[in-house]
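Taking it in order: structure first as structure tokens, then the write-up.
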Amino acid sequence: MLNHETLRSYCLNKKGVTEDFPFDEDTLVFKVMGKMFLLTGINNTVLHFNAKMDPELIPQYRDKYADIQPGYHMHKDHWNTIIAGNNKIPQKELLWMIDHSYEQVIKGLSKKERDTLAKMK
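Position 32, counted from 1, in the sequence shown is what our numbering calls 316; the numbers after and before it change by one each time, with no gaps.
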């Protein structure tokens, strides 16, 4: 089951990922090469997070799962808020959405940044 600790561990195990609290003491942000790919509130009772998604995929996921909503305080065409703590979305899908968000951000990096990332362990 995905919880705050497993989410954090999963994100930090990805190449080039850092974490910080740039907005407030509650909003944990995960970045790859300095670019946000996931945000979560660490004090929320029910785990939810914002993740980036290909705009062409967003409608199908929002239609499929009531617990996937337009990204709270984010660009709604590119970000979703995913309520993971209700256990209504299979963990396999949740992990895919985290991976997809990470990959979407990597696609937007410069070639130099992607090359630097590729050389990281």
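Ideal Cβ placement from N, Cα and C applies to all residues, glycine included.
Three or more beta-carbon pairs drawn from the segment 340-352 and the segment 366-385 are found closer than 8 Å, and the two stretches are therefore classed as touching.
Taking K336 as the centre and dropping the five residues before and after it, the same chain places the C-beta of F321, H362, W363, S385, Q388, V389 closer than 7 Å to its C-beta, in chain order. Under the DSSP assignment, D304 falls in the beta strand (DSSP E) whose first and last residues are 301-304. Secondary structure of P339 (DSSP, three-state): coil. Looking at the DSSP output, L393 bridges to nothing. Closest option to T365, judged by alpha-carbon separation, among F333, P374, W380: F333.
In this structure M285 is exposed. Its beta-carbon is surrounded by fewer than 16 other beta-carbon atoms within 10 angstroms. Exclusion of the five residues before and after G300 leaves V316, M317, L401, M404 as the residues of its chain whose Cβ lies within less than 6 Å of its Cβ.
As DSSP reads the structure, K360 sits in no beta bridge.
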